[in-house]
Amino acid sequence: MSPTTLPAPPEQGHVTFLGAGPGDPGLLTLRAVEALANADVLVAEHDVLDVVRTHARQGVAEVHTDADTSASSTPGTGTPQLTVVDGASTTAGVPVNRDAAHLVMEAARGGKRVVRAVSGDPGLDAYAAEEMLACASAGVPFEVVPGVATAVGVPAYAGVPLRDAQGTDVRFVDARTASDRCWTEVGASDGTVVVSTTLDSVAAAAGELVSAGRKPDTPLTVTVAGTTTRQRTWTATLGTIAQTLKQAKVLPSPEGARPVIAVVGERSAAAQRDRLAWFESKPLFGWKVLVPRTKEQAASLSDQLRSYGAVPHEVPTIAVEPPRTPQQMERAVKGLVTGRYEWIAFTSVNAVKAVREKFEEYGLDARAFAGIKVAAVGEQTAKALIAFGVKPDLVPSGEQSAAGLLEDWPPYDPVFDPIDRVFLPRADIATETLVAGLIELGWEVDDVTAYRTVRASPPPAETREAIKGGGFDAVLFTSSSTVRNLVGIAGKPHNVTVIACIGPATAKTAEEHGLRVDVMAPEPSVHKLAEALADFGARRRLAALEAGDPVTRPSERRPGARRRRSTT
336 MSPTTLPAPP EQGHVTFLGA GPGDPGLLTL RAVEALANAD VLVAEHDVLD
386 VVRTHARQGV AEVHTDADTS ASSTPGTGTP QLTVVDGAST TAGVPVNRDA
436 AHLVMEAARG GKRVVRAVSG DPGLDAYAAE EMLACASAGV PFEVVPGVAT
486 AVGVPAYAGV PLRDAQGTDV RFVDARTASD RCWTEVGASD GTVVVSTTLD
536 SVAAAAGELV SAGRKPDTPL TVTVAGTTTR QRTWTATLGT IAQTLKQAKV
586 LPSPEGARPV IAVVGERSAA AQRDRLAWFE SKPLFGWKVL VPRTKEQAAS
636 LSDQLRSYGA VPHEVPTIAV EPPRTPQQME RAVKGLVTGR YEWIAFTSVN
686 AVKAVREKFE EYGLDARAFA GIKVAAVGEQ TAKALIAFGV KPDLVPSGEQ
736 SAAGLLEDWP PYDPVFDPID RVFLPRADIA TETLVAGLIE LGWEVDDVTA
786 YRTVRASPPP AETREAIKGG GFDAVLFTSS STVRNLVGIA GKPHNVTVIA
836 CIGPATAKTA EEHGLRVDVM APEPSVHKLA EALADFGARR RLAALEAGDP
886 VTRPSERRPG ARRRRSTT
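First residue of the sequence shown: 336, per the working numbering; consecutive thereafter.
So this is what it looks like as structure tokens:
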């Protein structure tokens, strides 16, 4: 009798309860990023999903709470309305009336690696606590990845330390669930109180503290959208906060239910916030900056702008397409392998990409560059080559341009140079400066069209309206073609928008299109351009403070007459 073969037990899944922090994606922990990269299913409120989804692998199923119900739900109560978002599903986007714990366990029992992401820290989230208990009762294995607690992270970003050298007592209160006994206890204390509440309930929470024994002149700070570039902080007292918010035209507001963090206490450093508000005093804080480059080109530039507090918005103005006749490029790449060239010169990231794609088409890699000298114009071009596995032999020591490259390029010497030919892969619209200069130095040049540049499709109507209507605070022009193409596909930026150009030629083109140039990079580098814009923002902020004026963004100031380009 043959032994009975038992079916294999179903693969056991796993749940990670993950703290996504207060809102800044940069506050995710390394362990959180690792867990997200391995997740099969993400379960989170919509705003939390926006923070964590960039670290998830492609194809992950997403489950988020419906925006209409999550805004009014009190943590730990009720059943959230959930929406399943799954690219492989034909029912994507259909709300499902099932609680998160059930969905989490169902996915885990199916062998899925589930990440349940919550705002702040899971240990302070009542939903997460209930779901952990449900997992434990059902025998579903889980782990907890702590996050930066909102009640701690937001005051830090607002420049309000919670504890001083004397060891101030700190208490945390959720005003949405606090009992009368809780208010009485914190009211009797003279320590710092961190209150989690909503924008339309701040005044009521302040009144509770005064009724419980706190003095009306006790300092108070209120922060909304903490740790994000939408963050705003008001300083007042328990007795004046309602009037302060009213004067700032904050209440009443259709967004009054937005969560806020209020810090109350004599020693909460509220009076020192003007010196400690490091985040909101960044030079471009909250500025919406238009970057007319593709997402790939703009990645490092956008990261730099974010470090200054800006909100970059990438709008491609050109699209890159293969050459109409690829035979010339194919012959040049074959010549590269057979020893036809002494040098190859890359003048753009797109040129590197075009050659790399052709290499991959033929099954070649960076080893094919052995014995060939490689030149690169610009930091980003050099980085693209290094990522390909090729270290450039020549990068301009001065100006990062064709002219700068020619300044350092050695003349052809028949004694030291066995081959006199240079391979120059470039765009179809490139200028002849480099070709003419190399020929003058004695080199033969194979000037090959590696790619074509065409005007990109217009951006969405909303973006076009923001460009023409003053919705952007600044725009960075990195070449004359970006000026021409942006105006062509989206219209001319509004007169309140700060115009920043990478160099004199780009600035001249901008002026020819009726734009006044406010900022110019000290040298032709996209990163120097971003630095120059940040310096401009810092000087603008300082001037407002010295004049006693409120610090505003350019888009918040709408003069009646359009700004005209200076003709002097």
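Glycine included, every Cβ here is placed at the ideal spot set by N, Cα and C.
| Asked | Found |
| --- | --- |
| Inspect the CB distances between the region 865-880 and the region 608-625 and report whether three or more fall short of 8 Å. | yes |
| Quick check: what's the CA-CA separation for residue 740 versus residue 715? | 15 Å |
| Which residues in the same chain as residue 883 place their Cβ atom closer than 8 Å to its Cβ, once the five residues preceding and following it in sequence are excluded? | none |
| Starting from residue 440, follow its DSSP beta bridges and name the residues at the other end. | DSSP, once it has assigned bridges, lists no residue as partnering residue 440. |
| For the region 534-602, list the beta strand (DSSP E) runs that are entirely contained and at least 3 residues long, ordered along the chain. | 554-559, 567-572 and 594-599 |
| What are the start and end residues of each continuous beta strand (DSSP E) run of 3 or more residues lying completely inside the region 634-710, in chain order? | 646-649, 653-656 and 678-681 |
| Determine which residues share a DSSP beta bridge with residue 786 and list them. | 762 |
| Using three-state DSSP, classify residue 773 as helix, strand or coil. | helix |
| Would the region 554-573 count as touching the region 502-511 if we require 3 or more Cβ pairs under 8 Å? | no |
| Can you check the region 449-534 for any beta strand (DSSP E) of at least 3 residues that lies completely inside it and give the ranges in chain order? | 477-480, 505-509 and 527-533 |
| Closer than 8 Å by C-beta to residue 610: which residues in its own chain qualify, once you throw out the five before and the five after it? Chain order, please. | 494 |
| Look up residue 890 in the DSSP assignment and say whether it is helix, strand or coil. | helix |
| Out of 350, 367, 348 and 347, state which residue places its alpha-carbon closest to the alpha-carbon of residue 356. | 367 |
| When we look at the beta-carbon of residue 697 and count the other beta-carbons within 10 Å, is it buried (16 or more) or exposed? | exposed |
| Report buried or exposed for residue 735, applying the criterion of at least 16 other Cβ atoms within 10 angstroms of its Cβ. | buried |
| For residue 756, which residues does DSSP report across the bridge? | 779 |
| Extract the residue ranges of the alpha helix (DSSP H) inside the region 829-873, only unbroken runs of 4 or more that lie entirely within it. | 839-847 |
| Take every Cβ of the region 661-680, pair it with every Cβ of the region 833-848, and state whether three or more of those distances are shorter than 8 Å. | no |
| Pull up the DSSP beta-bridge partners for residue 625, would you. | 648 and 810 |
| Taking all protein chains shown into account, decide if residue 534 is buried (16 or more other Cβ within 10 angstroms of its Cβ) or exposed. | buried |
| Consult DSSP for residue 387 and reduce its assignment to one of helix, strand or coil. | helix |
| By the 10 Å Cβ neighbour count, where 16 or more other Cβ atoms means buried, how is residue 673 classified, buried or exposed? | exposed |
| Thinking residue 905 and residue 783 are a contact (beta carbons under 8 Å), I'd like their distance in whole angstroms, please. | No answer is possible for residue 905: the residues shown for the chain start at 336 and end at 903. |
| Would you decide whether residue 446 is buried or exposed? Buried here means 16 or more other CB atoms lie within 10 Å of its CB. | exposed |
| If you follow the beta strand (DSSP E) that residue 351 is part of, which residue opens it and which one closes it? | 349-354 |
| Less than 6 Å between C-beta atoms, sequence neighbours within five positions excluded: which residues of the same chain meet that for residue 808? | 622, 623, 888, 889 and 890 |
| Per DSSP, what are the beta-bridge partners of residue 729 in this structure? | 710 |
| In its own chain, which residues sit with a C-beta less than 6 Å from the C-beta of residue 654, not counting the 5 before and 5 after it? | 789 and 791 |
| Could you spell out the range, first to last residue, of the alpha helix (DSSP H) harbouring residue 609? | 608-611 |
| Looking at C-alpha atoms only, which residue of 526, 448, 437 and 390 is the closest neighbour of residue 477? | 448 |
| Taking residue 617 as part of the alpha helix (DSSP H), name the residues at either end of that continuous run. | Run containing residue 617: none; DSSP gives neither H nor E here. |
| Excluding five sequence neighbours on each side, which residues of the same chain lie with their C-beta closer than 7 Å to the C-beta of residue 413? | Confidence is the limiting factor: at residue 413 the pLDDT is only 38, short of 50, which leaves the residue's position unreliable, though a coordinate-based value still follows. Counting only Cβ-Cβ distances below 7 Å, and skipping sequence neighbours, we find nothing. |
| Could you check whether the region 641-655 touches the region 717-733, counting it as contact only if at least three pairs of C-beta atoms, one from each stretch, sit closer than 8 Å? | no |
| Tell me where the alpha helix (DSSP H) around residue 743 begins and ends. | 737-743 |
| Here's a check: name, in chain order, each residue in its chain whose Cβ is nearer than 8 Å to the Cβ of residue 753, leaving out the five neighbours to either side. | 677 |
| Are the beta-carbon atoms of residue 597 and residue 537 separated by less than 8 Å? | yes |
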